[in-house]
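Read through the structure below, which is laid out as structure tokens, and then see the notes.
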Amino acid sequence: MPVPIRVPASVLPPAFAASVAEVVGATHVLTDPAVVAGQEVDWTGRFRGQTPAVVRPGSVEEVAAVVAAARSAGVALVPQGGNTGLVGGGIPGDGEVVLDLRRLRDVTDADPGSGQLTAGAGATVARVQAAAIDLGWAYGVDWSARDTATIGGSVATDAGGLRFVRNGGTRRQLLGVEAVLGTGAVVRHLPAVEKDNTGFDLAALLCGSEGTLGVITAVRLRLVAPSPPLATALVAFSSVASAVAAASALRRQLPGLEAVELMVADGLDLVCRSGALPAPFAPTPPAALLVEASDARDPAGSLGDAVGGLDGVVDAAVALDGPRRRELWRYREDHTDAIGRLGAPHKLDVTLPAGSLADFVEDAPRLVAAVAPDARTWCFGHAADGNVHVNVTGVAPGDERVDEAVLVRVAALGGSISAEHGIGRAKRRWLHLARSDAEITAMRSIKSALDPDGICNPNVLLP
Ligand code: MLT
Ligand code: ZN
0 MPVPIRVPAS VLPPAFAASV AEVVGATHVL TDPAVVAGQE VDWTGRFRGQ TPAVVRPGSV
60 EEVAAVVAAA RSAGVALVPQ GGNTGLVGGG IPGDGEVVLD LRRLRDVTDA DPGSGQLTAG
120 AGATVARVQA AAIDLGWAYG VDWSARDTAT IGGSVATDAG GLRFVRNGGT RRQLLGVEAV
180 LGTGAVVRHL PAVEKDNTGF DLAALLCGSE GTLGVITAVR LRLVAPSPPL ATALVAFSSV
240 ASAVAAASAL RRQLPGLEAV ELMVADGLDL VCRSGALPAP FAPTPPAALL VEASDARDPA
300 GSLGDAVGGL DGVVDAAVAL DGPRRRELWR YREDHTDAIG RLGAPHKLDV TLPAGSLADF
360 VEDAPRLVAA VAPDARTWCF GHAADGNVHV NVTGVAPGDE RVDEAVLVRV AALGGSISAE
420 HGIGRAKRRW LHLARSDAEI TAMRSIKSAL DPDGICNPNV LLP
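The sequence shown begins at 0 in numbering that gives the first Met the number 0 and counts up one residue at a time.
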């Protein structure tokens, strides 16, 4: 595959600049370094790059014209939505033009009968959630960056989130996509029907492809039934092992289980200090689970009964009303911000087989300390999915020894090096730990076919 011309970050090829300005309008081509600076750095602050321009198309036709211009000028593109990604996958590496998709934010063709809607790539996850509720349904994926993260970015990374145990990840919600491939072709398959097995599932292929095959411009989503009344519990455990065992027991016992989120003592203390929250338990327990479950008749009763039957519980708080439930959720959702305030974290978003999860969480700080004695390790995550976010602070952005140690251990235990954030720039060196040579070769062949000039997000995913 030809390598696209790496345009020096300060130079936009004049022919490309002129044709793109004609397509999207000069006001939607931003070149002032001060204006584009925020779109050159990722949310964590760990990954930075440079771009000669941010281009803001307003329709799929405009995206197609920009891709065509990029092909002829040999300019690489990086699609960007809310820039909430955590692996450096949505920012320029060295001179790619940023394609800001947030003007494509319409929600259309909502169908209350089938529980489906179409959303522009730039619609925020919160906007999609609100549209689904207006329709009498719900959108099945949710996480704390909902107000900023866009649906296009969530499809490009196959985002998981807080409701995976109930609804699965983004790929499961996806019925079809509209996208501009790296060839410039517009593929549009936004079916109004649920059952559709007409050949290759391009939507599933583009989901998780991190912008390497083309630019997603709209998605057709299947919605889920709204939850019956919910109860939320914050449950303190005597050990990480008992919390992890409880997550598994709850999956078996509570048909209305919506979320099971793991926290450990250090993270709970940090969140309380950072957000001036009252300590939920005294003393801080070694581990806690945030559990949410629905029940049409008695949500607090059924959740309370299930929690009461778990081993290792030392304390619990249960909430039924919205404001109190939101207070409990803060102990979990505030982890990302509280850790981010300590400096740019290394975020290692991994999944472990159920039998290895507790030992891995207990051992992670030692594993990190062996290669970075001054670092701090923060573990939290989605216990029911075996997905733990190992966040490490106090390590230079480019020092990858910690990443290497953690990812190699995860692979040795039979886990995945990327559960829900994607590979991006952060983990491309280690893709071979998760995928065989034959699989990576197949991925390269698909990339060559759909992006023959290599202009689609060339600095991510594939090593
Ligand atoms: C979360 O589960 O809160 C998100 O994946 C964000 C993070 O890992 O910081
Ligand atoms: Zn997560």
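All C-beta atoms in this analysis are idealised placements derived from N, C-alpha and C, irrespective of residue type, glycine included. In this text, all values refer to a predicted model and were calculated from it rather than measured experimentally.
* For Leu-134, which residues from the same chain have a beta carbon less than 6 Å from its beta carbon, with the 5 sequence-adjacent residues on both sides left out? -> The residues are Ala-109, Pro-111.
Look at the Cβ atom of Gly-160, then the Cβ atom of Arg-102, and state whether they are nearer than 8 Å. 8 Å or more divides the Cβ of Gly-160 from the Cβ of Arg-102.
Apart from the five residues on each side of it in sequence, which residues of its chain come closer than 6 Å, Cβ to Cβ, to Arg-45?
The beta carbon of Arg-45 is closer than 6 Å to those of Ala-343, Pro-396 in its chain, skipping five residues each way along the sequence.
ask   = Does the ligand ZN have a heavy atom nearer than 7 Å to the CB of Gly-139?
value = Checking the Cβ of Gly-139 against the ligand ZN gives no.
When DSSP labels each residue in this structure, what does Ser-226 get in the three-state scheme? It is coil, neither helix nor strand.
In terms of residue numbering, what span does the beta strand (DSSP E) encompassing Thr-117 cover? From DSSP, the beta strand (DSSP E) with Thr-117 extends over 115 to 119.
- prompt: How is the alpha helix (DSSP H) around Lys-426 delimited, first residue to last?
  reply: No alpha helix (DSSP H) contains Lys-426, which DSSP labels as neither H nor E.
Cβ pair count under 8 Å reaching 3, the segment 192 to 212 against the segment 59 to 72:
By the criterion of at least three beta-carbon pairs nearer than 8 Å, the segment 192 to 212 is not in contact with the segment 59 to 72.
If I measure Cβ to Cβ from Asp-265 and keep anything under 7 Å in the same chain, skipping five residues before and after, which residues do I get? Counting only Cβ-Cβ distances below 7 Å, and skipping sequence neighbours, we find Trp-377.
query: Should Leu-222 be labelled buried (16 or more other beta-carbon atoms within 10 Å of its own) or exposed?
result: Under a 10 Å Cβ-count criterion, Leu-222 is classified as buried, with 16 or more other Cβ atoms of the shown protein chains found around its own Cβ.
query: So is the beta-carbon of His-334 under 7 Å away from any non-hydrogen atom of the ligand MLT?
result: Flag set: Cβ of His-334 near the ligand MLT.
Is it right to say Ala-158 is buried, meaning 16 or more other beta carbons lie within 10 angstroms of its own, or is it exposed?
Buried is the call here.
Glu-21 versus Ala-63: straight-line alpha-carbon distance, rounded:
Glu-21 and Ala-63 have their C-alpha atoms roughly 13 Å apart.
Q. For Val-192, is the classification buried or exposed, using 16 other Cβ atoms within 10 angstroms of its Cβ as the cut-off for buried?
A. So Val-192 ends up on the exposed side.
- request: Would you mind giving the Cβ-Cβ distance between Ile-90 and Val-40, rounded to the nearest angstrom? I have them listed as a contact below 8 Å.
  value: Yes, they are in contact, since the Cβ atoms of Ile-90 and Val-40 sit about 6 Å apart, within 8 Å.
**Message:** With DSSP as the reference, identify every bridge partner of Lys-194, one or two as the case may be.
**Reply:** Partner residues in a beta bridge of Lys-194, as assigned by DSSP, do not exist.
Could you name each continuous alpha helix (DSSP H) segment of 4 residues or more that falls completely within the segment 88 to 139, going from the start of the chain to the end? For the alpha helix (DSSP H) assignment, the uninterrupted runs of no fewer than 4 residues enclosed by the segment 88 to 139 are, from N- to C-terminal side, 124 to 133.
Quiz item: Based on Cα-Cα distance, which residue from Val-66, Val-263, Thr-83, Asn-82 lies nearest to Leu-76?
Solution: Answer by Cα proximity: Val-66.
message: Quick check on the burial criterion: 16 or more other C-beta atoms within 10 angstroms. Buried or exposed for Arg-325?
response: Exposed, since its Cβ has fewer than 16 Cβ neighbours within 10 Å.
Next on the checklist: What does DSSP give as the partner residue(s) for Phe-379 in the beta ladder?
Outcome noted: DSSP lists Met-262, His-388 as the bridge partner or partners of Phe-379.
**Q.** Own chain partners of Gly-37 with C-beta closer than 7 Å, once the 5 adjacent residues on each side are dropped
**A.** Non-local beta-carbon contacts of Gly-37 in its own chain, meaning distances under 7 Å to residues more than five positions away in sequence, are absent.
For the beta strand (DSSP E) containing Leu-220, list its first residue and its last residue.
-> Counting along the chain, the beta strand (DSSP E) containing Leu-220 begins and ends at 213 to 221.
In chain order, what residues of the same chain have a beta carbon less than 8 Å from the beta carbon of Ile-132, not counting five sequence neighbours either side? Hits under 8 Å: Pro-225.
Look up Gly-80 in the DSSP assignment and say whether it is helix, strand or coil. The three-state secondary structure of Gly-80, taken from DSSP, is coil.
Spatial distance of Thr-197 from Arg-170 (CA atoms): Rounded to the nearest angstrom, the two C-alpha atoms are 17 Å apart.
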